[in-house]
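Protein chains: 2
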Amino acid sequence: METRFVEKATNAIADKYRLSILMELSRKGSLTSTDIQEMTGLSQPCVSHHVKLLTDSGLVNAQKEGRNLHLTLNKESLQQLSGFLNNLT
Amino acid sequence: METRFVEKATNAIADKYRLSILMELSRKGSLTSTDIQEMTGLSQPCVSHHVKLLTDSGLVNAQKEGRNLHLTLNKESLQQLSGFLNNLT
DNA sequence: ATCAAACATTTAAAAGTTTGAATGTTTTTG
DNA sequence: CAAAAACATTCAAACTTTTAAATGTTTGAT
């Protein structure tokens, strides 16, 4: 089943920095790693780590554009997760 | 905002045992800690710990009935979480 | 070609989580 | 009341996650 996805996706959300990244992606549409560094005050390697967790979970899409990493929400997977939780009720 | 709830709830879900407890609660309607022990093979203290995380998160209701702990899903909070995630998209 | 900017990787320390053994509490049963 | 059943708590070991310093890679500007 999709339980591995649910586990990885909820784990990706379950952190204050990563949750704030998701919310900011939702508000702004897209962000770069540098944007996230400025927004969180975290070190660059730490941001890189959090971004990797988010992209590995499938909740965030990453696309290299020149030397920038262009991050966007993966709406389909967020909706899939939302639907899974709703189906439990 | 509700971000602390989202953090705690997703954290509660983000574990294979706790996710399976939620899914079994969804299927069966209710469980006791002993049911969960049998179902997971985990030790009693470990089950107690996972149950506490689930109830502290607000996703699961616990009610003492004699010496048993009667666990049920908190559907409202699951729907709240589902709605939050859906609103990000 | 040089330099700088953006991001990734490696590594190690600090902090947090998971697990079960031992023990404690409460409730039911004989 | 004694014993057992169900759950909670304390504790310590094993494991995982988070963080940043150091370093590496790639891309763009001069």
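For the protein sequence lines, the chains are A and B, in the order given. At position 54 of the first sequence the residue is numbered 54 (full-length UniProt numbering), and the sequence of numbers has no breaks. At position 19 of the second sequence the residue is numbered 19 (full-length UniProt numbering), and the sequence of numbers has no breaks. C-beta atoms are modelled at their ideal positions from N, C-alpha and C, and glycine is treated no differently.
Option in the options with minimal Cα separation from residue i
| i | options | result |
| --- | --- | --- |
| T72/A | L31/A, N11/A, F5/A | L31/A |
| L59/B | T89/A, F5/A, A9/A, L25/A | T89/A |
| T40/B | K16/B, R27/B, S26/B, S57/B | K16/B |
| L85/A | A12/B, S33/B, L53/B | A12/B |
| E7/B | S20/A, G66/A, T3/A | S20/A |
Beta-carbon neighbours of residue i, restricted to chain A and to distances below 8 Å
| i | result |
| --- | --- |
| L22/B | L88 |
Backbone secondary structure at residue i - three-state DSSP
| i | result |
| --- | --- |
| V31/A | Note that residue 31/A corresponds to Leu in the displayed sequence, not to Val. It is a strand residue. |
| L53/A | helix |
| L25/A | helix |
| L42/B | coil |
| E7/B | helix |
| A12/B | helix |
Partners in chain B for residue i, counting only beta-carbon separations shorter than 9 Å
| i | result |
| --- | --- |
| K75/A | L88, T89 |
| K16/A | T3, R4, E7 |
Interface residues of chain B facing residue i [CB-CB closer than 8 Å]
| i | result |
| --- | --- |
| E2/A | Going along chain B, no residue has its Cβ under 8 Å from E2/A, so there is no contact; the nearest lies around 11 Å. |
Listed by chain order, chain B residues near residue i by CB distance under 7 Å
| i | result |
| --- | --- |
| T10/A | T10, I13, A14 |
Complete beta strand (DSSP E) runs within the stretch 59-88 of chain B (minimum length 3 residues, chain order): Along the length of the stretch 59-88 of chain B, whole beta strand (DSSP E) runs at least 3 residues long occupy 60-65, 68-73, reported in chain order.
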